[in-house]
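Q: For reference, each letter of the sequence shown is one residue, going 760 to 1268 in the working numbering.
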Amino acid sequence: MSKEIRVRFAPSPTGGLHLGGVRTVLYNYLFAKKHNGKFVLRIEDTDQTRFVEGAEQYILDCLSWCGLIPDESPVHGGEFGPYRQSERKEMYREYAELLVEKGHAYYAFDTPEELEEMRQVFKTNENPSPTYGHATRMRMKNSLTLGEEEVRRLLSEEVPYVIRIRIPESKQITLHDAIRGDVQFDTAQVDDKVLLKADGMPTYHLAVVVDDYLMKITHAFRGEEWLSSAPVHLLLWRYLGWEEHMPVWAHLPLILGPDGAKLSKRHGNKYGFPIFAMNWKDEAKGEFTEGFRERGFLPEAFINLLALMGWNPGTEQEIFSLEELAGSFDLSRVHSAGAQFDFEKAKWYNHEWLKKLSGMRLLPDVKIILAANGVQVDDDQKLITVIDMVKDRCTLMPDFLQQAGYFFTTPTAVDTDSIKPKWDEKKNLFFNELLKNYDLTQFWDKETIEKEFKEIASVIGIKTGDLMLPLRIMLVGGKYGPGVFDIAHIIGKEETTLRIRNTLSLLNS
Ligand code: GLU
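1. My guess is that Y851 and R923 are in contact by the Cβ rule of under 8 Å, so how many angstroms apart are they, rounded?
2. Give me every residue whose Cβ sits closer than 6 Å to any heavy atom of the ligand GLU, in chain order.
3. Quick one, are the C-beta atoms of H835 and P829 less than 8 Å apart?
4. Hey, which unbroken runs of the beta strand (DSSP E) at 3 residues or more fall wholly within the region 883 to 929?
5. Output needed for S771: all residues of its chain with C-beta closer than 6 Å, excluding positions within five of it in sequence on either side, in chain order.
6. Check the C-beta distance from D1139 over to K1238 and give it rounded, since I have them as a contact under 8 Å.
7. State the DSSP-derived secondary structure class of I764, mapped to helix, strand or coil.
8. Thinking F1166 and I1128 are a contact (beta carbons under 8 Å), I'd like their distance in whole angstroms, please.
9. Please classify N787 as buried or exposed, where buried requires at least 16 neighbouring CB atoms within 10 angstroms.
10. Just to check my reading of the structure: G1133 and A1172 have Cβ atoms closer than 8 Å, yes? What is that Cβ distance to the nearest angstrom?
11. Would you tell me roughly how many angstroms separate the C-alpha atoms of E983 and D806, rounded to the nearest one?
12. Within the region 790 to 857, note down every full alpha helix (DSSP H) run reaching 4 residues or more, in order along the chain.
13. Throw me the rounded Cβ distance for the D971 and P1006 pair, which I believe falls under 8 Å.
14. Evaluate Q1162 with the Cβ neighbour count: other Cβ atoms within 10 Å of its Cβ, from every protein chain shown; 16 or more gives buried, anything less gives exposed.
15. Classify V781 as helix, strand or coil using the three-state DSSP reduction.
16. Rounding to the nearest angstrom, what Cα-Cα distance links T783 and I1143 in this structure?
17. Would A1216 and T1223 be called neighbours here (beta carbons separated by less than 8 Å)?
18. Which of the three DSSP states is assigned to K861 in this structure?
19. What does a CB cutoff of less than 6 Å around K952 pick up in its chain, not counting 5 residues either side in sequence?
20. Buried or exposed: R765, going by 16 or more other Cβ atoms within 10 Å of its Cβ?
21. Whose CA, out of E1209, S761 and D1198, lies closest to the CA of T977?
22. Do the CB positions of F810 and L1090 come within less than 8 Å of each other?
23. Residues in its own chain within less than 7 Å of P1033 by CB, not counting five upstream and five downstream?
24. Taking C-beta to C-beta, are H1248 and D1204 nearer than 8 Å?
25. Less than 8 Å between the beta carbons of G775 and F1035, yes or no?
26. With a cut-off of 8 Å on the beta carbons, I'd call W1039 and D936 a contact; round off their distance for me.
27. CA-CA distance, L1067 and E1077?
28. Counting C-beta neighbours from all protein chains within 10 Å, is the total for A1130 16 or more, i.e. buried, or is it exposed?
29. H1094: which of E1083, P1072 and L1230 sits nearest, CA to CA?
30. Taking the alpha-carbon positions, what's the D869 to Y920 distance?
31. Using the rule of at least 16 other Cβ atoms within 10 Å of the residue's Cβ for burial, across every protein chain shown, is M1119 buried or exposed?
32. Tell me the residue span of the beta strand (DSSP E) that contains T1048.
33. What do you reckon, are the CB atoms on K797 and E831 nearer than 8 Å?
34. Using only alpha-carbon positions, find the residue among T773, V781 and R847 that is nearest to E812.
35. So I926 and L819 are in contact, right, with Cβ under 8 Å, and what is the actual spacing, rounded?
36. Which class does H992 belong to by DSSP, given the choice of helix, strand or coil?
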């Protein structure tokens, strides 16, 4: 039997979830689904200084909004837990010590002042920020430079220390990446990263390797920004004797802003588009960042547009549901070059999804938008009909306020300026006659409404074409909306006649 596919998304709960992060989740998720595997959410919270209250819940909420539900996570459980690294703290030390024993890591007792001094001493024009590594380690206070006795003494006296990996001086190592092929690294460029911190917590580098191993992760897809850490991880897999279990790596292409630089909050502010999946509020920093959800994107569209930012299906098809994506997704079609984010295209996806989804599916979302703007809907069936009529005219969810609101509330602002220039006594007469007929009519179906309208126009001798805009303005308030007789039909006889009367009195006042 072949090995079960297990992938993971391993965010650090330090803030909002960037769209690149959601795309990482998505590719992991799609790969797992395609191969009947498991998608694991692991919270990498070992850096307590960067911990942000509420960030983990926010990540879970984003995943659930997108429909990317983990099979295993701190809240969904699973047999490889705990899924929060801070709760696994005790597991990591033995591996760090095993590495020391094997000679691949060492204890380092340097104080912050000594580290600073090293930076000053080794600073050159070519190397303005020297690191702790093969060039400097033998000048520092660590178990490579101190005698065994001294090391034992320091450890027993509980002098604060860290454990660092001992990176080989100059060695070519090759990482096979499923997207990029073989990537070469020279370890001369890599510093002796801390593996275990003075507070006993592992760093990301140690924890990510230990947990990918213990959680039997088979494929690790993450952002390109982690590629430079990959040699450290590869060496750890090797030194811990687990290389044959190492996951298949894939470093996903960066998402770029309109100027070609890595997409960041700065772009969002500059160009006025969201960067995060959902609204994010950092109480401590007093920061607020808008989300795609709140801007009015549907999760279906958000997922769809992210899927195609870095992957192509090899066909002309652009609209994919999550299920279709899971069926078509193929790592070999993920490109290595950065993918440019285009907000206009993002809106196009949303528009396409609005066209595609049913009024029934959109009902809860539209109700929220209307309610938030004071439009009360008591008749869900009516709203479903309205949504189906107007959704093609909407791009983002808030557009429903303009496009659907007037079906439920009498417009307060009526654009009479659009009809005033061509308004005359004949038209006045027509609408007064129309009111009389509509007041008396027994039936209020679209055909009757239209037939009476046309008959009166012909009796009075006005082209119906000249009357459509005035009627629309009267019923809608502005120059938009679907067929005007459909609108009259849906809002009902009383509301139709009320709106005509209201506008007539505005025009005649
Ligand atoms: N904790 C890392 C992050 O915050 C995960 C990187 C990885 O997937 O290895 O993105």
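Yeah, the Cβ is synthetic: ideal placement off N, Cα and C, and Gly gets one too. Keep in mind the model is a prediction, meaning the values are calculated, not measured.
A: For this structure:
1. Wrong, their Cβ atoms sit about 14 Å apart, outside the cutoff.
2. Listed by chain position, these are A769, P770, S771, E803, Y963, V967, R981 and W985.
3. Taking 8 Å as the cut-off, the Cβ atoms of H835 and P829 count as close.
4. Listed in chain order, they are 921 to 924.
5. Closer than 6 Å at the Cβ level, and outside the excluded window around S771, lie E803.
6. Wrong, their Cβ atoms sit about 28 Å apart, outside the cutoff.
7. Here I764 sits in coil by DSSP.
8. Wrong, their Cβ atoms sit about 13 Å apart, outside the cutoff.
9. Around the C-beta of N787, 16 or more other C-beta atoms lie within 10 Å, and the residue is accordingly described as buried.
10. The pair is not a contact, with the Cβ atoms about 14 Å apart (cut-off 8 Å).
11. Just so you know, the alpha carbons of E983 and D806 end up roughly 21 Å apart.
12. Counting whole runs of 4 or more residues, the region 790 to 857 contains the alpha helix (DSSP H) stretches 814 to 825.
13. D971 to P1006, Cβ: 6 Å. Contact.
14. Q1162 comes out buried.
15. Judged by DSSP in its simplified three-state form, V781 adopts helix.
16. Distance between the alpha carbons of T783 and I1143 is about 35 Å.
17. Between A1216 and T1223, the C-beta gap is smaller than 8 Å, which places the two residues in contact.
18. Coil.
19. So the list reads I924, H964 and V991, once near-sequence residues are dropped.
20. Buried is the label assigned to R765, since at least 16 other Cβ atoms lie within 10 Å of its Cβ.
21. When each option's Cα is compared against that of T977, the closest is S761.
22. Not in contact: F810 and L1090 (Cβ atoms no closer than 8 Å).
23. Taking C-beta separations shorter than 7 Å and ignoring five residues to either side along the sequence, the partners of P1033 in its chain run G1027, E1049, G1050, F1051 and R1054, following chain order.
24. Yes, these two residues count as a Cβ contact at 8 Å.
25. Yes, Cβ-Cβ distance for G775 and F1035 is below 8 Å.
26. Not confirmed; about 31 Å, so no contact.
27. Approximately 8 Å between the Cα atoms of the pair.
28. Exposed: under 16 other Cβ atoms inside 10 Å.
29. For H1094, the closest C-alpha among the options E1083, P1072 and L1230 is that of P1072.
30. If I take the Cα positions, the gap works out to 7 Å.
31. Burial call: exposed.
32. Annotation: the continuous beta strand (DSSP E) that includes T1048 extends over E1046 to T1048.
33. It is a contact, given that the beta carbons lie within the stated cut-off.
34. Of T773, V781 and R847, the residue nearest in Cα terms is T773.
35. Between I926 and L819 a beta carbon distance of about 36 Å is seen, past the 8 Å cut, so the two are scored as non-contacting.
36. It is helical.
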